[in-house]
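Working notes, structure below.
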Amino acid sequence: MLILEGLAAVAAIVAGTDSPPAAATLAPGTVAIAPAAGPALSSEAARVFDDAVQRAMLRARFTPLPGQGHGRYAASVTVTRTSRGVVAAEGRPAPPPLANLNGSVSVALSPGGERLSDLVVTELKVVLSRRGDARPVWSGSAVTARVTGNRTGGIDLVAQTLADAVMAQFPRQAAGPVSIP
């Protein structure tokens, strides 16, 4: 099987196609990570995703280097966040009752029931290219749908979860994004 993959890679190079090389030829190394980009991505969200991708790459045995033009690989990071409407989510628990100095007690009532929150679909894609060559040698992506306004929908957790899922694929080449609950 490995011989067939090697022959396919050689045939692709001879034919001049842009298909990535076989996964067996890829190994972690130094990498320059381009800042995260994406439609309507705030600078704060871009920083959060940049940090998450850098941590995930470190765990995948890559060594991120500052600045562009350094390292064995160049990594481009693309983030897409799309609102898919609103969903009903559980209400927040009531805070504990507060005591006043005049002897009376003030009780905070729970809003109870459900509240409406945004459902946001986030996709993270990382593309690796060898330095000096614009052709991709590997790419991975992951997607999740989360409700905003709770812990699991927070941008920090979403970014790290997706970055870890993307880099867990390396060096295998997936056919499409990995779906994360």
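Residues 1 to 181 in UniProt numbering are what the sequence shown spells out, letter by letter. Glycine residues also receive a C-beta, built at the ideal position from the N, C-alpha and C atoms.
Outcome for residue i when other beta-carbon atoms lying within 10 angstroms are tallied against a minimum of 16
i: Gly176; result: exposed
i: Val166; result: buried
i: Gln169; result: buried
i: Ala94; result: Because Ala94 sits at a pLDDT of 46, beneath the cut-off of 50, its placement in the model cannot be relied upon, and the following sentence gives the value as read from the coordinates. Answer is exposed; the Cβ neighbour count stays below 16.
i: Ala163; result: buried
i: Ser110; result: The predicted model places Ser110 with a pLDDT of 48, which falls under 50 and marks its position as unreliable, so this point remains unresolved.
i: Ala37; result: exposed
i: Ser141; result: buried
i: Thr161; result: buried
i: Thr122; result: buried
i: Gly153; result: buried
i: Asp50; result: buried
i: Ser139; result: buried
i: Val86; result: exposed
i: Ala52; result: buried
i: Ala56; result: buried
CA nearest to the CA of residue i, picked from the options
i: Arg135; options: Asp118, Tyr73, Ser83 and Leu119; result: Tyr73
i: Thr30; options: Ala88, Ala145 and Gln54; result: Gln54
i: Ala145; options: Leu58, Leu65, Phe62 and Ala159; result: Ala159
i: Gly69; options: Pro28, Arg130, Pro171 and Glu44; result: Arg130
i: Thr63; options: Val147, Asp133, Pro28 and Glu44; result: Pro28
i: Ala45; options: Arg115, Asp133 and Val77; result: Val77
i: Arg81; options: Leu124, Glu114 and Arg59; result: Leu124
Whole-number beta carbon distance between residue j and residue i, since they are thought to touch under 8 Å
i: Leu41; j: Val79; result: 5 Å
i: Val48; j: Ser83; result: With a Cβ gap of about 18 Å, Val48 and Ser83 do not count as contacting.
i: Val143; j: Ser117; result: Val143 to Ser117, Cβ: 19 Å. No contact.
i: Asn150; j: Ala89; result: 7 Å
i: Gly71; j: Ala34; result: About 11 Å separates the two Cβ atoms, so there is no contact after all.
i: Val126; j: Leu26; result: With a Cβ gap of about 13 Å, Val126 and Leu26 do not count as contacting.
Residue i - partner residues in DSSP beta bridges
i: Glu123; result: Thr80 and Val143
i: Asp118; result: Val86
i: Arg130; result: Tyr73
- [ ] Any chance you could list the beta strand (DSSP E) runs of at least 3 consecutive residues sitting entirely within the region 147–181, in chain order?
- [x] 178–180
Task: Start-end ranges of the beta strand (DSSP E) lying completely within the region 24–77, minimum 3 residues - done: 30–33 and 63–65
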